[in-house]
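Structure record follows, encoded as structure tokens.
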Amino acid sequence: MFFILSKTLAFFAAPINLALVIGAAGIALCLAGRRRPGCALGAGALLFLLALGFLPIPLLLALPLETRFPPLPADAPAPDGIIVLGGSMDEQSSSRHGQVVINDAAERLTEALRLRRLYPRARLVFTGGSASLRGSEHTEAEFVEKFWTALGLDASDVFYESRSRNTYENAVFTRDLVHPAPGERWLLVTSATHMPRAVGLFRKAGFPVVPDPVDYRTSGEFGWTLNPRASDNFALAELATHEWIGLVAYRLTGKTDALFPAP
159 MFFILSKTLA FFAAPINLAL VIGAAGIALC LAGRRRPGCA LGAGALLFLL
209 ALGFLPIPLL LALPLETRFP PLPADAPAPD GIIVLGGSMD EQSSSRHGQV
259 VINDAAERLT EALRLRRLYP RARLVFTGGS ASLRGSEHTE AEFVEKFWTA
309 LGLDASDVFY ESRSRNTYEN AVFTRDLVHP APGERWLLVT SATHMPRAVG
359 LFRKAGFPVV PDPVDYRTSG EFGWTLNPRA SDNFALAELA THEWIGLVAY
409 RLTGKTDALF PAP
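In the numbering used here, the protein residues as written are 159 to 421.
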């Protein structure tokens with residue numbers, strides 16, 4: 159139930175979807191003869207989209223997420239294991255075309271290969287099933303295994319967890335798969351915006367991890383410069399809003415111990 163509710167809420171809370179729903183409601187009111195409230199809703203939706211598309215509002219939302227955990231130091235001690243979270247494969251397109259289709263979070267996968275070369279003795283775990291509400295006959299883990307194998311990754315000490323549908327299940331199922339021993343050092347690889355939520359869930363699951371954030375979407379600095387590419391702002395706004403909603407939802411349901419987990 160939580161999975162279905164979270165997907166539904168994420169759809170309607172996405173900034174562009176919300177603006178379109180409000181705009182459509184305004185048009186419906188106008189057609190019904192209620193021009194004043196209809197025009198107010200339509201104008202409000204348009205102004206919201208203009209502000210979101212060209213002002214640095216998405217940057218304000220994303221920066222706290224991306225800068226919450228610092229990058230992994232170059233001199234970090236060798237880990238006992240490496241965990242890579244799903245979200246870098248388009249499972250529907252991969253299933254439809256019969257080949258690996260990677261999205262714009264591909265750094266999660268390439269960082270894993272880099273770490274594997276640096277720490278060949280560390281166990282490597284990819285965790286990611288199907289995030290589709292309708293389900294899928296294939297999982298993201300299947301396609302990642304194909305991708306890594308094609309690139310020559312040594313299959314020894316590589317594990318694929320394919321049941322999880324969200325980050326909470328990533329944490330719980332990975333813990334149950336590897337049974338981390340006290341004192342072991344496990345790196346967690348995921349997108350920088352996603353790292354606060356992921357760390358909070360792993361901590362709550364009793365699986366302490368060392369963050370290795372990748373897939374940065376901002377420069378790390380704030381500026382009031384207008385962005386001429388509205389599509390970039392819309393994508394960043396949707397990504398950041400999804401994470402903030404996730405942080406609140408997981409805290410309210412007791413799946414994390416902190417609203418905004420800190421280093």
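The beta-carbon is built from N, C-alpha and C at its ideal position, and this holds for glycine as well.
Whole angstroms is fine: what's the gap from residue i's alpha carbon to residue j's?
i, j, result
"A236", "H255", "38 Å"
"A313", "T307", "7 Å"
"G202", "D233", "51 Å"
"D248", "N261", "6 Å"
"A398", "P229", "19 Å"
"L223", "P386", "23 Å"
"P371", "P340", "23 Å"
"D390", "A407", "26 Å"
"P195", "T411", "36 Å"
"A186", "L178", "12 Å"
"P231", "G184", "51 Å"
Count the other C-beta atoms from every protein chain shown that fall within 10 angstroms of the C-beta of residue i, then say buried if there are 16 or more, exposed otherwise.
i, result
"T414", "buried"
"R355", "buried"
"A175", "Residue identity differs from the one stated: residue 175 is Asn in this sequence, not Ala. Classification for N175: exposed."
"D334", "exposed"
"F169", "exposed"
Based on Cα-Cα distance, which residue from the options lies nearest to residue i?
i, options, result
"H352", "P338, L394, A363", "L394"
"S246", "R321, V259, L199", "V259"
"H400", "L267, N385, T325, S314", "T325"
"T348", "L271, R266, S322", "R266"
"A280", "V242, L309, F301, E303", "V242"
"R323", "T225, S288, A171", "S288"
"L221", "Y408, G378, I403, A420", "G378"
"G181", "G244, L417, Y408, L204", "L204"
"R375", "A264, P338, A183", "A264"
"L219", "H296, S252, I403, R409", "I403"
"A350", "G184, R226, D238", "R226"
Taking 9 Å as the threshold (C-beta atoms), are residue j and residue i in contact?
i, j, result
"G286", "N328", "yes"
"L217", "F380", "yes"
"P128", "T383", "The requested residue 128 does not occur in the structure, where the chain is confined to residues 159 to 421."
"A416", "G211", "no"
"V302", "Y318", "yes"
"L345", "V357", "no"
"G244", "F284", "yes"
"V368", "R343", "yes"
- Task: Could I get the ranges of all uninterrupted alpha helix (DSSP H) runs contained in the region 306 to 387, with 4 residues as the minimum, in chain order?
- Result: Listed in chain order, they are 325 to 336, 353 to 362.
Check your understanding: Which runs of the alpha helix (DSSP H), 4 residues or longer, sit entirely within the region 219 to 255?
Key -> Fully enclosed alpha helix (DSSP H) runs of no fewer than 4 residues occupy 249 to 255 of the region 219 to 255, in order along the chain.
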